[in-house]
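See structure below.
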Amino acid sequence: MKEYTTEFIRNIAIASHSGAGKTMLAEALVHFTGGSTRLGKVEEGTTISDFEEEEIRRGISLSTSLIPVEYKDYKINLLDTPGYTDFVGEEISALRVADGVLILVDAVSGAEVGTEIAWNYADQFELPRFLVVNKMNRDNANFRRALESVQEITDKRLIPLQLPWGEKADFKGVIDLLTMKAYEGDGKKEAEIPAEFSDDVETARMELIEAAAEGEDALLEKYLEGEELTSEEILRGLCEVVRSGAFVPVFVTAGSAEIGLKPLLDAIISLMPSPIEAKPAVAQGKDGEETLRAASDGPLAAYVWKTTADPFVGRITYFRVYSGTVSSDTRVWNQTKGAEERLGTLHVLRGKEQFAVKTVHAGDIATVSKLNATTTGDTLCEKGHPLTLPVPEYPSALYRVAVTPKTQADSAKISTTLTRLAEEDPTLSWYNEPSTLQTILQGMGDQHIDVAVRKAETKFQTGINIAEPRVPYLETITKTATATYRHKKQTGGAGQFGEVVMRIEPYEEDEFAFVNEVFGGAISSGYMPAIEKGVRGVMRDGVFAGYPMKNIKVAITDGKEHPVDSKPVAFEIAGREAFKLAVKDAGPVLLEPIMNVRITVPEANMGDILGDLNTRRARVQGMDTEKGRSVVTAQVPLAEMQRYTTDLRSITGGRGVFTMEFSHYETVPAHIAQEVVNARQKELAAAKEE
1411 MKEYTTEFIR NIAIASHSGA GKTMLAEALV HFTGGSTRLG KVEEGTTISD FEEEEIRRGI
1471 SLSTSLIPVE YKDYKINLLD TPGYTDFVGE EISALRVADG VLILVDAVSG AEVGTEIAWN
1531 YADQFELPRF LVVNKMNRDN ANFRRALESV QEITDKRLIP LQLPWGEKAD FKGVIDLLTM
1591 KAYEGDGKKE AEIPAEFSDD VETARMELIE AAAEGEDALL EKYLEGEELT SEEILRGLCE
1651 VVRSGAFVPV FVTAGSAEIG LKPLLDAIIS LMPSPIEAKP AVAQGKDGEE TLRAASDGPL
1711 AAYVWKTTAD PFVGRITYFR VYSGTVSSDT RVWNQTKGAE ERLGTLHVLR GKEQFAVKTV
1771 HAGDIATVSK LNATTTGDTL CEKGHPLTLP VPEYPSALYR VAVTPKTQAD SAKISTTLTR
1831 LAEEDPTLSW YNEPSTLQTI LQGMGDQHID VAVRKAETKF QTGINIAEPR VPYLETITKT
1891 ATATYRHKKQ TGGAGQFGEV VMRIEPYEED EFAFVNEVFG GAISSGYMPA IEKGVRGVMR
1951 DGVFAGYPMK NIKVAITDGK EHPVDSKPVA FEIAGREAFK LAVKDAGPVL LEPIMNVRIT
2011 VPEANMGDIL GDLNTRRARV QGMDTEKGRS VVTAQVPLAE MQRYTTDLRS ITGGRGVFTM
2071 EFSHYETVPA HIAQEVVNAR QKELAAAKEE
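For the sequence shown, my numbering gives the first residue as 1411, with consecutive numbering after it.
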């Protein structure tokens, strides 16, 4: 693959709901431009994009593929993103490094939940976009209906740049409103516009010219004075309104039938910004923020947007150069990790195919393998000119599982494997939950976790079992109580003696406070750390339900010691037992984590959602409508939300989405608390028997 300079590069993400035809459109564009000799098929597992075993097995994209398309001396870096909502992290990473986005809709289904998610992220990254009505050759395809469904979810004006030449089985090609020509099939054959479309074409053309005129004051003046705009002026005006995001041009294609490809590629080159024309990147430098021009002679700034593990090559790092150039066999500085990295051979990937390149210019996307410290979200720069590029915000996890190693050999590798999985995917994370002593892996949904577990087995040879995680309950007290405990032990030689008088009370300011209120030296201050150690040991294991305790203040008010028999261990035991006695009289309660939940569903599902939330002990905080969809905010116990991802999908037919984050801990109602305590005690008894 030849070397491309910045002005000849376009970085375009393809995003949509799952099944709108992104992978097949990318496949068709590569085939059309001569990048492949045959057109692959998703159902046969032969596409360039979906090359991983798991993607072929499931028949869906699971990660973003880089598909460069060479056309008319330009290189269009297509980023084919997954449409399934569990893999939204991949979509965010791709949009972070794109300068424009093609949002596809199925001509039959129209706008779906994935369309809306892609649209909202494109808004967040302020990206110019094309709406592509795909699969126009399907039975029941309807261009107008698909267009209206998208207009309902956005305030931006949709302006057709093309009209379909026929629909369903009669879909022949596209009618281009810029060139005022009809293009049959892939677009190489040009024809006059058929007479039966002339009225529709005239109306759409007027709308297009009006939109273009709004791009420049001089053009608007000319248009309002009734003067004709030239093709160049229309294109110039369109560039302005598309790149500013004021209007979204609409295109029609049928990727699998290779219809409408050439006009779409021409529009990407003429209307989408090159890295030079795109919004400049802003990095954090030594002396504050620095705006970076996409220039090969600028300071080096490259953002790592994806890392993958390859069983043969090792770790592959995908990066985009925002400023400067990167060459093979050089050294760069990883500012995020504070480490130097040696770059070996640089590659441009097309699916899994690698093309070695010597130099990568500003604006381009490439890969390098076997970096030691670098992970997703890092910035590579020059050591003498440190820069940090911003990392996008990823949604918080919605689905959690407890993971255990399958075998003794797996237990040695499990931490490393989970860390590597989380490095590859910013929406995956793991941690050890101290209250339940479980290792928790969390992600966006059951498919997401399932793919991660399979990847652990195939790529990292680590067997993992998964189970529903236990809820991390906590114990606390509700009132003040006192207790005395004397520990006395005589065993022939030196004995043990320690007596502790203790007061405990609820303490909201912090997790735990320990104070010495003994006057007159009844207990030497040297024994206080031992008493505190005893109390902390009980707090870690819990008193009545076996969960950690928090928000407790412990005051030692009195006690006794023996000049010979008192030892730290005696006071540790006395402190521990006095604390247990005091807790029993202090109104102990169980606390559970409460989550802030925001659920967005079609209005038709609102009643079902509220009914379902009532069964989950939810407190609804508010209801709203947003772009024709209903939004419910509520506080719900985590115990009731463990498998909500799956439940919400079945209630709404996959059209509902939600976000969830931890809010606070709250007392568990008594009848539920008793069930939890009984279950926990059975669990602990079983663990002891083992």
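By construction, the Cβ of each residue, glycine as well, lies at the ideal position given by its N, Cα and C atoms.
These numbers were taken from a predicted model, which means no experiment stands behind them.
Could you tell me whether the Cβ of residue i comes closer than 9 Å to any Cβ of chain C?
| i | result |
| --- | --- |
| Ile1914 | Among the protein chains of the structure shown there is no chain C, as only one such chain exists. |
Keeping to the same chain, check which residues put their C-beta closer than 6 Å to that of residue i; ignore five residues upstream and five downstream.
| i | result |
| --- | --- |
| Thr1735 | Ser1706, Thr1769 and His1771 |
| Glu1700 | Ala1693 |
| Lys1963 | Glu1915, Tyr1917 and Ala1923 |
| Phe1989 | Val1945 and Val1948 |
| Ala1940 | Pro1978, Phe1981 and Glu1982 |
| Met2070 | Leu1808, Met2005 and Val2007 |
| Pro1802 | Ile1502 and Arg1506 |
| Ser1473 | Glu1500 |
With 16 as the cutoff for other CB atoms within 10 Å, does residue i come out buried or exposed?
| i | result |
| --- | --- |
| Thr1886 | buried |
| Thr1663 | buried |
| Ser1845 | buried |
| Leu1514 | buried |
| Val1974 | exposed |
| Arg1950 | exposed |
| Lys1689 | exposed |
| Leu1475 | It should be pointed out that residue 1475 corresponds to Ser in this sequence rather than to Leu. Buried, by the Cβ-count rule. |
Rounded to whole angstroms, what's the CA-CA distance from residue i to residue j? Just pull it up for me.
| i | j | result |
| --- | --- | --- |
| Met2016 | Gln1857 | 25 Å |
| Leu1831 | Leu1838 | 7 Å |
| Leu1618 | Glu1417 | 27 Å |
| Asn1550 | Ala1430 | 15 Å |
| Met2033 | Asp1565 | 21 Å |
| Ala1712 | His1795 | 13 Å |
| Lys2041 | Val2067 | Here residue 2041 is Val; the residue named in the question, Lys, does not match the sequence. Roughly 10 Å separates the two Cα atoms. |
| Glu1413 | Val1767 | 7 Å |
| Gly1698 | Thr1784 | 24 Å |
| Arg2039 | Ile2019 | 13 Å |
| Pro1882 | Thr2055 | 19 Å |
| Arg2065 | Arg2059 | 7 Å |
| Arg1864 | Pro1685 | 37 Å |
| Tyr1732 | Arg1703 | 8 Å |
| Trp1575 | Gly1597 | 12 Å |
| Ser1821 | Ile1876 | 14 Å |
| Asn1926 | Lys1970 | 14 Å |
| Val1658 | Leu1790 | 34 Å |
Can you name, in chain order, every residue of its own chain whose Cβ lies under 8 Å from the Cβ of residue i, other than the five neighbours on each side?
| i | result |
| --- | --- |
| Leu2045 | Note that residue 2045 corresponds to Gln in the displayed sequence, not to Leu. Around Gln2045: Ile2004, Met2005, Asn2006, Val2007, Ala2028, Arg2029, Gln2031 and Ser2073. |
| Gly1754 | Ser1738, Asp1739, Val1778, Ser1779 and Lys1780 |
| Glu1750 | Arg1741, Val1742, Trp1743, Asn1744 and Lys1793 |
| Asn1547 | Lys1578, Ala1579, Phe1581, Ala1664, Ser1666, Ala1667 and Ile1669 |
| Glu1620 | Tyr1633 |
Could you check what DSSP says for residue i in three-state terms: helix, strand or coil?
| i | result |
| --- | --- |
| Asp1788 | coil |
| Gln2052 | coil |
| Asn1487 | strand |
| Glu1626 | coil |
| Ser1779 | strand |
| Arg1830 | helix |
| Ile2061 | helix |
| Arg1757 | What sits at residue 1757 in the sequence shown is His, not Arg. Three-state DSSP puts His1757 in a strand. |
| Gln1871 | coil |
| Ser2040 | strand |
| Met1854 | coil |
| Asn1961 | coil |
| Gln1900 | coil |
| Pro1882 | coil |
| Asn1550 | coil |
| Lys1970 | strand |
| Val1928 | coil |
| Gly1944 | helix |
Using only the heavy atoms of the ligand MN, determine whether one of them is closer than 8 Å to the beta carbon of residue i.
| i | result |
| --- | --- |
| Gln1906 | In terms of ligand content, the structure shown is empty, and the ligand MN therefore cannot be addressed. |
Leaving out five residues before and five after residue i in sequence, what residues of the same chain have Cβ atoms less than 7 Å from its Cβ?
| i | result |
| --- | --- |
| Ser1446 | Val1440 and Ile1458 |
| Ile1678 | Arg1420, Ile1422 and Ile1486 |
| Tyr1841 | Ile1850 |
| Gly1724 | Ser1779 and Lys1780 |
Let me check one thing: in DSSP terms, what residues is residue i bridge-paired to?
| i | result |
| --- | --- |
| Tyr1593 | Val1584 and Glu1600 |
| Glu1668 | In the DSSP output, where bridge partners are listed per residue, Glu1668 has none listed. |
| Trp1743 | Glu1750 and Cys1791 |
| Asn2006 | Gln2045 and Glu2071 |
| Gln1848 | Glu1843 |
| Tyr1713 | Arg1730 and Thr1789 |
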